[in-house]
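Residues 1 to 172, numbered by this note's numbering, are exactly what the sequence shown covers, in order.
Backbone N, C-alpha and C fix where the C-beta goes; we use that ideal spot for every residue, glycine too.
A short worksheet on the structure shown next.
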Amino acid sequence: MARKKLANPSGPDKRERRQQAQRARRQQKKTEQLKRRLKIIGVLLAVVLVGVGGVLLFSGQAKLYPPTSPAGHIETWPAQRISTVPIPLPVQAHIIEHIPGGTPGVLLEYNCTRFKCKSDLVAKLTTIAERYSYVYLAPYPQMGAKIALAARNRRLVLNQYDEAKIIAFLTP
1 MARKKLANPS GPDKRERRQQ AQRARRQQKK TEQLKRRLKI IGVLLAVVLV
51 GVGGVLLFSG QAKLYPPTSP AGHIETWPAQ RISTVPIPLP VQAHIIEHIP
101 GGTPGVLLEY NCTRFKCKSD LVAKLTTIAE RYSYVYLAPY PQMGAKIALA
151 ARNRRLVLNQ YDEAKIIAFL TP
């Protein structure tokens with residue numbers, strides 16, 4: 001006849017207490033592992049968010065301007081000196097190196113996409129560009145200023161039209 005274990009009115013016996021302690025330790029270990037994993041995930045997530053936030057923040061603030069060096073140029077020029085479409089950067093760099101005829105060119109570019117321009121700005125810039133055979137005028141929608149002039153190793157950035165400064169830059 002099998003012996004029936006009688007319930008111990010005073011509580012669990014030694015073996016049961018040991019098993020309960022083991023279960024409690026396993027549960028505590030799982031809880032600690034989960035906390036550790038969540039901490040690691042939190043740190044990684046924070047790093048990613050800071051990285052992405054930094055890229056978004058600083059990419060929005062990065063200022064692009066016309067080149068002042070012929071580095072990265074290609075051997076071609078725009079179809080016309082006064083253009084209503086942007087000039088690709090490698091072509092801009094070639095203008096800085098030289099224009100047809102061999103002398104260095106000057107870029108006169110404007111950005112009325114990101115900046116509010118007066119209705120006559122392009123006409124005023126066109127009038128100036130027409131006076132100088134080495135000046136190329138074009139929009140530059142990614143530029144970090146309303147107006148910029150660039151020549152080899154020189155640049156003038158303007159956030160408003162200033163004819164005197166533009167002429168001074170063009171006539172060294």
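Residue i versus residue j - alpha carbon distance
| i | j | result |
| --- | --- | --- |
| K116 | A148 | 15 Å |
| L137 | G144 | 17 Å |
| P70 | R37 | 52 Å |
| F169 | R114 | 24 Å |
| K63 | V157 | 11 Å |
| I40 | K30 | 15 Å |
| R15 | L49 | 50 Å |
| H73 | I99 | 12 Å |
| V85 | S133 | 19 Å |
| Q160 | V52 | 33 Å |
| I82 | E75 | 19 Å |
| V122 | A150 | 17 Å |
| G101 | Q80 | 15 Å |
Test item: CB-CB of residue i and residue j under 8 Å
| i | j | result |
| --- | --- | --- |
| R154 | P104 | no |
| P67 | I96 | yes |
| V106 | V135 | yes |
| P139 | N111 | yes |
| Q22 | P12 | no |
Cβ-based burial, residue i [other Cβ within 10 Å; buried from 16]
| i | result |
| --- | --- |
| P172 | exposed |
| L34 | exposed |
| K146 | buried |
| R17 | exposed |
| I167 | exposed |
| E109 | buried |
Span of the alpha helix (DSSP H) around residue i
| i | result |
| --- | --- |
| A123 | L121 to R131 |
| P90 | L89 to E97 |
Residue i: first and last residue of the uninterrupted beta strand (DSSP E) it sits in
| i | result |
| --- | --- |
| E163 | Element bounds for E163: not the beta strand (DSSP E) but the alpha helix (DSSP H), E163 to L170. |
| V139 | Here residue 139 is Pro; the residue named in the question, Val, does not match the sequence. First-last of the beta strand (DSSP E) with P139: V135 to P139. |
| V85 | Unbroken run through V85: none, as it is neither H nor E. |
| I147 | I147 to A151 |
| E75 | From DSSP, E75 is part of no beta strand (DSSP E); its letter is neither H nor E. |
Cβ pair count under 8 Å reaching 3, the stretch 115-133 against the stretch 45-52: no
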